[in-house]
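**Student:** Below is one structure. I have some questions about it.
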Amino acid sequence: MAEEAKWYVVHTYSGYENTVAASILKAADNRKMQDLIPEINIPIEFVTERTDSGEKTVERKIFPGYVLVKMVMTDESWHLVRHVRGVTGFVGVAGKAVPLTDQEIAELGVERHEIKLSFALGDTVKVTDGPLEGFLGTVDEIEAEKDRVRVVVSMFGRETPVDLELDQVEPVTE
19 MAEEAKWYVV HTYSGYENTV AASILKAADN RKMQDLIPEI NIPIEFVTER
69 TDSGEKTVER KIFPGYVLVK MVMTDESWHL VRHVRGVTGF VGVAGKAVPL
119 TDQEIAELGV ERHEIKLSFA LGDTVKVTDG PLEGFLGTVD EIEAEKDRVR
169 VVVSMFGRET PVDLELDQVE PVTE
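Numbered continuously in my numbering, the sequence shown closes out at residue 192.
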């Protein structure tokens, strides 16, 4: 069932995000509903603050008052989450919870997908998508965490670096 699970945004009282997340997980555990609510995420960032005593790195919530819950939406799972103390409701339209899109999930960095690269620095690759489709180039830089690769392509007799997404290139096999 966890394959059907989608990410939903739950609105909470500000400052209760950690308590709400723990309460939802505990309630799901108590009711044997871990397969319906497999994961909860509170997006955070680490920020360096300057104070009189020097610099310190602190953890800050990106969206105060919101918790991301990966769940299979059923009446039981909706009631479980909705009736946790500190939850004010789901984010959605006309009282109906709306799941996050794949693009929103990627932008939030909620889920990390393992990327297996079939090329390395200096390899020759072929561009498979976009305006430069069909061009050959040499891999100059790889940023797997940002899903980016810089390829040097020869256009009009000049070497031109082009930033592409990892899935827009494939290795050239001789």
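The C-beta atom is built at its ideal place from N, Cα and C for all residues, glycine as well. Everything numeric in this text was worked out from a predicted model, so none of it was measured.
1) How should Gln186 be labelled, buried or exposed, when 16 other C-beta atoms within 10 angstroms of its C-beta is the threshold for buried?
2) Using DSSP with H/G/I as helix, E/B as strand and the rest coil, what is Val76?
3) For His101, which three-state DSSP category applies?
4) Need the endpoints of the beta strand (DSSP E) that Leu182 sits in, please.
5) Short check: CB of Val105 to CB of Thr30, under 8 Å?
6) Can you check DSSP and say which residues form a bridge with Thr30?
7) In the DSSP assignment, what are the bridge partners of Phe64?
8) How about Leu182 and Val145: do their beta carbons lie closer than 8 Å?
9) If the criterion is Cβ atoms closer than 8 Å, does the pair Glu63 and Arg78 meet it?
10) On the criterion of 16 or more Cβ atoms from any shown chain inside 10 Å, does Gly155 qualify as buried, or is it exposed?
11) Going by DSSP in three states, Ala115 sits in which element: helix, strand or coil?
**Tutor:** Let me spell this out:
1) On the sequence shown, position 168 is the one that residue 186 refers to. Of the other Cβ atoms in all chains shown, 16 or more fall within 10 Å of the Cβ of Gln186; this residue is therefore buried.
2) If you number the sequence shown from 1, residue 76 lands on position 58. If DSSP states are grouped into helix, strand and coil, Val76 belongs with the strands.
3) For the purposes of this step, residue 101 is taken as the residue at position 83 of the sequence shown. Coil, per DSSP.
4) The residue given as residue 182 occupies position 164 in the sequence shown. Bounds of the beta strand (DSSP E) holding Leu182 are Arg176 to Glu183.
5) Stepping through the sequence shown from its first residue, residue 105 is reached at position 87. Stepping through the sequence shown from its first residue, residue 30 is reached at position 12. With respect to the 8 Å criterion, Val105 and Thr30 are classified as neighbours on the basis of their beta carbons.
6) Against the sequence shown, residue 30 aligns to sequence position 12. Beta-bridge analysis with DSSP links Thr30 to Val105.
7) Mapped onto the sequence shown, residue 64 falls at position 46. Paired residues: Glu77.
8) Stepping through the sequence shown from its first residue, residue 182 is reached at position 164. Stepping through the sequence shown from its first residue, residue 145 is reached at position 127. A contact, by the Cβ cut-off of 8 Å.
9) What you label residue 63 is simply residue 45 of the sequence shown in a count that begins at 1. What you label residue 78 is simply residue 60 of the sequence shown in a count that begins at 1. Result yes, Cβ atoms of Glu63 and Arg78 sit closer than 8 Å.
10) As a working mapping, residue 155 is identified with position 137 in the sequence shown. In this structure Gly155 is buried. Its beta-carbon is surrounded by 16 or more other beta-carbon atoms within 10 angstroms.
11) Stepping through the sequence shown from its first residue, residue 115 is reached at position 97. In the three-state reduction of the DSSP assignment, Ala115 falls in the strand class, which pools E and B.
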